[in-house]
Every structure is written in C-alpha cells, then in structure tokens.
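Chains as they are written, first to last, in this note's numbering: chain A, 552 to 861; chain B, 552 to 861. No residue lacks a Cβ here, since even glycine has one placed at the ideal position from N, Cα and C. Owing to the predicted nature of the structure, the values given are computational and were not obtained by experimental measurement. I have placed the structure first, in the form of structure tokens, so that the comments after it can refer back to it.
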C-alpha cells in the first residue's frame with residue numbers, strides 16, 4: 552500500500568494544517584491535489600493510501616463537493632476526522648499599512664467569515680476571489696493584490712506579514728476534515744465514535760423521512776448531521792448524508808443499520824470512526840434500554856421464550 | 552402430564568361447544584370449573600394440562616377476568632384459539648308459547664346481544680340474570696323462569712325446546728376462546744399466527760405509548776388487539792395486553808419483542824399460536840423490508856461492513 556496521503560491543496564492551507572495534527576501524517580508523504588475530486592480519485596486508483604479533505608464547515612454547513620464524491624462512485628470509507636478552528640489573518644507585503652489596501656483576496660469560502668470585519672475596517676476594498684487562500688497569499692506576494700485572508704501560518708511561506716490576526720465573524724467557526732480511504736474493517740470503538748451513512752429512500756410516502764429517522768430514534772441513536780443531496784434523478788429526488796453517534800460494533804447501531812438497510816432503497820456505509828469534538832469521557836450516556844448489555848439480555852429473553860423457558 | 556382440560560363451566564355452554572371443535576379435546580377428559588380463575592389455577596397447580604376460557608367478545612371486547620389472570624401470577628401460555636359465532640336460542644318448556652313468557656334468564660353477557668330482540672318480541676318480560684346460560688336453562692326446566700337465552704345445543708340436555716333460534720343483535724357476533732397451558736416451546740409457525748404479550752411501560756412521558764407502538768410498526772407488525780388493564784398501582788397506571796400478527800420465530804417479531812423488552816419496564820410473553828380467523832393462504836403479505844430473508848440479508852450486510860467488505 553502506497554504510504555502517501557493526498558490532500559486538498561495547495562500547500563499552506565487550513566487543510567494541510569489540519570492534516571498535520573494527525574499522528575499518522577508524520578510517517579506519510581503528503582501530496583497536495585488541485586481538487587477534492589482528484590484527491591479522492593487518487594485513493595480510488597490506488598495512487599494514495601488515503602485522502603484528506605474538508606467535509607463540513609460550522610458557518611456554511613456540509614461541503615457538497617466532498618459529500619457528492621462520497622455518495623457516488625467506488626465506495627470509500629472515512630477513517631478519521633479532524634476539527635480545526637478557523638480564524639483568518641490579513642496578510643500583506645512587509646510595510647503595507649491598512650490605509651494602503653485597495654484589493655483583498657481569498658477563497659470564496661472565506662468571505663462569509665470576514666465580511667463583517669471588512670465592512671468595519673476596509674469598507675472600500677475590492678474583493679477578488681482566488682482558487683485557495685494560499686493562492687491569494689501568493690498573488691499578494693507577486694503584487695497582484697494588496698492583501699489576502701489566509702491562515703497566519705501562510706505568512707512565512709509567502710514572505711508576507713500579518714497585519715491583523717484572529718479575524719472571524721462567527722465565534723467558534725470550525726471546519727471538519729476527514730481522512731478517507733478504501734473500505735476496510737473500521738477501527739475498534741473508542742467510546743466516542745460516529746458512524747456515517749448515505750440513505751436513499753424506497754419511496755416518498757408522507758412521513759417517509761420521519762419513518763427513516765425513527766430507525767435511529769427507536770434505538771436511542773442521536774443524529775449529528777443530516778444533509779440532503781440531490782440524487783441527480785430530477786427535482787425533489789434527494790438522498791441523505793447522515794452522521795450518527797456511535798460505532799457499527801455497538802448493538803444499537805448495528806440494529807439501526809440493519810433496519811435502514813431493510814427499509815431504504817439503498818444504504819452506503821461510510822465508516823465508524825472516533826469523534827474529534829469530544830473525548831470518550833464526555834460521551835453522553837446511552838438511553839435506558841439501548842446499551843449493548845440490554846440488547847444482549849433482550850435477545851437472550853426472546854431465545855428463552857422461543858424455547859418455552861420463561 | 553394429566554390428560555385433562557379444564558374449562559369454564561358448566562357443561563352445555565358456548566365454551567364447551569368451542570372446546571369440542573379442537574381435535575385434541577377428543578383425547579382429553581374435559582372438566583368444567585366454576586370460574587375462569589379456578590380453571591387457570593388448575594393448570595398452575597398441575598391438576599389440568601390446559602384450560603379453555605373465553606378471552607374476547609366481538610360485542611363487549613376483551614374479557615377482563617381472563618386477561619387479568621394471564622397478566623398476573625405464575626406465567627401461562629396460550630396454545631390455541633377458537634372463534635365461535637354466538638347466536639342464541641330462546642329455550643322454553645315444551646308447549647310454552649311466546650305470549651306465556653313473563654320471565655327470561657341468561658348470563659349477563661348475553662343481554663347486550665338479545666336486547667333488541669327482547670324489545671321487539673317480549674317488551675314486558677322481566678330479565679333475571681343467571682350464573683351461566685346453561686344454568687338459566689336448568690332454572691327454566693325447574694319451572695323457576697319461563698324462558699332462557701342459551702345455545703340451541705342446550706335444549707336437549709335440559710328437556711327444553713327452542714321457540715326461536717338465531718337470535719343475535721350484532722351481526723357476526725363472535726367469542727374468542729383460548730387454550731392456556733404452562734410455558735413450553737411454541738408450536739411451529741403455520742404462516743397465519745398471532746403473538747400475545749403484556750407490556751408495562753417504563754415511564755409515562757408524552758408519546759410513551761406511541762414509542763411503544765412504534766416498536767411494532769417499524770418492523771411491519773400489525774396489531775390485532777390492544778387492551779389496557781389497570782396495574783393495580785393506582786388510577787392512571789395501566790399495562791397493555793397486545794395481540795400482534797406473526798410468530799415469535801419470525802425475524803420481525805423476534806426483533807420487535809427484543810425492542811419491547813429493552814424499552815418496557817416488563818414484558819410478559821403469552822405465546823405464539825395459529826390464528827383462528829384466517830388460514831395461512833389468507834395472511835396479508837409482509838411489508839417491504841420485513842421478510843425473514845430481508846432481515847437476514849440486512850444482518851449479513853452489516854456484518855460485511857463491520858469486516859470492511861463493502
């Protein structure tokens with residue numbers, strides 16, 4: 552297996568910073584790719600062992616390019632997730648003052664996070680979108696624009712300095728990234744895990760989505776993400792990307808997945824992996840009647856009834 | 552094991568007629584008991600192999616004495632059910648004419664079924680309740696009352712004649728009887744079976760009963776009877792006697808029972824047995840996603856996901 556990770560490039564973006572927080576990244580070659588699609592394709596073709604891409608953003612929601620790539624094509628599996636707090640620095644060529652800035656640049660995704668700051672401090676600056684925040688920094692270095700919004704870590708790489716740091720419109724703005732590989736046995740549960748699936752409904756009767764969510768609720772499984780994505784079969788046709796609390800080796804999750812498999816047209820398992828937002832000690836207690844022990848006791852009771860021993 | 556069946560007596564009632572429709576009754580000694588309770592006690596003490604008692608009546612609903620006996624005490628199990636159409640004959644001493652009848656008698660349960668007929672044909676006759684319809688017939692034989700409502704089959708036994716037959720206020724009036732024994736392995740499924748349970752809720756949050764019914768609905772299990780009975784723990788405290796379509800050896804029923812066992816305070820299994828109302832050929836098709844095959848395929852899929860083979 553190639554010991555390399557593909558990631559959404561270029562170098563010097565939040566994605567690379569997030570990837571480097573993973574211990575396993577230290578022992579791999581890290582290769583930037585120009586798009587989420589090309590990074591995931593590198594995994595599907597075997598060129599890379601895994602790909603590291605953004606999947607959710609606390610300001611904008613699910614990152615649809617990534618979701619759509621996971622929903623379709625050869626099955627992939629999420630191995631890990633990383634949460635990164637996103638705050639921007641305003642990067643300029645050394646010596647530039649705030650009053651000198653006529654043009655600012657960044658990736659379009661940065662805009663909702665710096666909009667208020669811009670209105671307050673640079674109301675007349677012209678916004679120019681770049682392919683990435685790192686690319687915006689490079690264009691500032693080349694003199695094309697006056698300032699770039701990027702991670703503070705990008706300043707050194709492009710010979711810029713941070714005129715301002717900690718810029719973020721939304722408090723606790725975070726981006727969630729995932730390490731995606733080919734299907735394999737999921738890592739053992741840690742006690743604070745999450746399971747991702749894609750669900751296609753069998754039909755569209757009234758209450759169909761409620762019935763589907765009932766499969767989770769009746770086994771005491773809490774949802775963390777429900778994002779609808781068009782199936783491509785016309786207006787009104789959606790599938791659902793779902794993140795749910797728990798691990799496929801939990802009895803309650805296994806039974807939920809079996810129920811979904813029975814009632815849905817199709818279910819795609821995207822993996823069970825450790826949650827980045829909490830540690831096992833912070834996981835909420837399971838609802839009464841939904842622990843592994845209670846599942847096993849109930850199965851044992853039914854077996855006894857089937858045998859006439861009650 | 553004693554080869555005798557206890558039944559709710561006396562002889563010559565609808566209960567005895569219903570019991571004699573069971574092939575196995577031909578090889579047993581049939582002993583009448585004075586009450587449902589004493590017949591069931593005969594099973595609990597080992598005096599009788601099984602007891603045959605009425606449990607539901609299409610005019611009046613669940614027969615609470617029987618339900619309460621099954622809910623409490625040593626566990627018992629329902630082996631069989633019998634449905635009997637109930638129509639009454641007006642039994643009189645030979646020679647009696649309609650105009651001669653001043654008093655009529657029957658078990659109180661018969662009254663709602665003959666009320667309209669009485670109003671139309673004997674508006675002035677005085678109603679006298681008897682311990683059973685057979686007892687009413689005996690009292691007519693002894694000259695105590697002028698007429699009794701009972702099964703036509705009781706006429707010969709008491710030297711009476713039927714002045715009128717086929718009396719029934721409600722069309723399709725039926726009584727359901729059950730053969731109850733000690734816990735044992737339920738008979739194999741026939742394809743048209745029913746499963747009876749008693750459910751005690753864990754708590755009384757809003758939607759608690761809906762959640763409980765959702766355990767059946769989400770596995771495509773249809774209910775045939777839902778009768779609440781006081782638990783004896785004060786006003787507002789009820790348990791639920793439930794009859795549901797299917798056999799405990801059906802995957803969907805087994806998973807439903809496991810779910811109920813997990814979410815309920817207590818579940819009492821009362822047996823899986825052939826339905827008397829339909830034959831296997833008339834059983835409704837299972838909902839999509841709830842056949843044994845689909846349960847097994849879903850379990851296999853989850854096992855493959857757990858192994859990384861997807």
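Chain-ordered chain A contacts of residue 825 of chain B [CB-CB under 7 Å]: By Cβ distance, chain A contributes nothing, its closest Cβ being about 16 Å from residue 825 of chain B, past 7 Å.
According to the neighbour-count rule (16 or more other Cβ atoms, all chains shown, within 10 Å of its Cβ), is residue 807 of chain B buried or exposed? buried
Are there 16 or more other CB atoms within 10 angstroms of the CB of residue 567 of chain A, so buried, or fewer, so exposed? buried
Please state whether the Cβ-Cβ distance between residue 594 of chain A and residue 627 of chain A is less than 9 Å. yes
Own chain partners of residue 804 of chain A with C-beta closer than 8 Å, once the 5 adjacent residues on each side are dropped: 746, 770, 772, 795, 797, 798, 823
May I ask you to list, following chain order, the residues of the stretch 789 to 803 of chain B that have a beta carbon less than 8 Å from some beta carbon of chain A? 799, 800
Nearest to residue 820 of chain B by alpha carbon, out of B:581, B:750, B:669? B:750
Of the listed residues B:597, B:565, B:764, B:859, nearest to residue 556 of chain B (C-alpha basis): B:597
Limits of the alpha helix (DSSP H) - the one that residue 684 of chain A falls within: 684 to 692
CA-CA distance, residue 552 of chain B and residue 766 of chain A? Only weak support exists for where residue 552 of chain B lies, its pLDDT of 48 falling under 50; the value from the coordinates is given anyway. The straight-line gap from Cα to Cα measures roughly 45 Å.
To the nearest angstrom, how far is the alpha carbon of residue 858 of chain A from that of residue 723 of chain A? 56 Å
In terms of residues, what are the limits of the beta strand (DSSP E) holding residue 727 of chain A? Where residue 727 of chain A is concerned, the enclosing beta strand (DSSP E) starts and stops at 725 to 732.
Using beta carbons (cut-off 9 Å, strictly below), is residue 858 of chain A in contact with chain B? yes
For residue 602 of chain A and residue 731 of chain A, which I take to be in contact (beta-carbon distance under 8 Å), what is that distance rounded to the nearest angstrom? Between residue 731 of chain A and residue 602 of chain A the Cβ distance is about 5 Å, and since that is below 8 Å, they are a contact.
Per DSSP, the bridge partner or partners of residue 825 of chain B: B:744
Name the residue from A:760, A:779, A:748, A:558 whose alpha carbon lies nearest to the alpha carbon of residue 579 of chain A. A:558
Taking contact to mean 3 or more Cβ pairs, one atom from each stretch, closer than 8 Å, check whether the stretch 752 to 766 of chain B and the stretch 729 to 743 of chain B are in contact. no
So if I threshold CB-CB distances at 8 Å, which residues from the stretch 826 to 850 of chain B count as touching chain A? 839, 840, 841, 845, 846, 848, 849, 850
Judging by CA-CA distance, which residue of B:691, B:693, B:718 is the nearest neighbour of residue 665 of chain B? Closest option to residue 665 of chain B, Cα to Cα, is B:718.
Taking only beta-carbon atoms, is residue 769 of chain A less than 9 Å away from chain B? yes
Rounded separation between residue 700 of chain B and residue 710 of chain B - CA only: So the two alpha carbons sit approximately 14 Å from each other.
Check whether the stretch 645 to 652 of chain B touches the stretch 840 to 847 of chain B, taking contact to mean three or more Cβ pairs, one atom from each stretch, closer than 8 Å. no
For residue 695 of chain B, the three-state DSSP class (helix, strand or coil): coil
Using a beta-carbon distance below 9 Å, is residue 600 of chain A in contact with chain B? It does not: the Cβ of residue 600 of chain A has no partner Cβ on chain B nearer than 9 Å.
DSSP state of residue 794 of chain B mapped onto helix, strand, coil: strand
Does residue 735 of chain B get closer than 9 Å to chain A when you measure Cβ to Cβ? yes
May I have the straight-line CA-CA distance separating residue 744 of chain A from residue 629 of chain A, to the nearest angstrom? 12 Å
Please compile the residues from chain B whose C-beta is within a distance smaller than 8 Å of the C-beta of residue 853 of chain A. 799, 805, 808, 809, 812
Starting from residue 766 of chain B, trace the alpha helix (DSSP H) both ways and give me its first and last residue. 759 to 768
Please specify which runs of the alpha helix (DSSP H), each continuous and at least 4 residues long, are wholly inside the stretch 797 to 821 of chain B, giving them in chain order. 802 to 814
Run down chain B in chain order and give the residues with a C-beta less than 7 Å from the C-beta of residue 753 of chain A. Within chain B, the residues near residue 753 of chain A are 839.
Can you tell me where the alpha helix (DSSP H) holding residue 617 of chain A begins and where it ends? 615 to 622
Would the C-beta of residue 774 of chain B count as close to the ligand FAD, meaning under 8 Å from any of its heavy atoms? Of the ligands one can find in the structure shown there are none, so the ligand FAD has no counterpart to examine.
Do residue 793 of chain B and residue 816 of chain B have their beta-carbon atoms positioned less than 9 Å apart in this structure? no
Is the separation between the beta-carbon of residue 635 of chain A and that of residue 655 of chain A shorter than 9 Å? no
With a threshold of 9 Å between beta carbons, is residue 558 of chain B in contact with chain A? no
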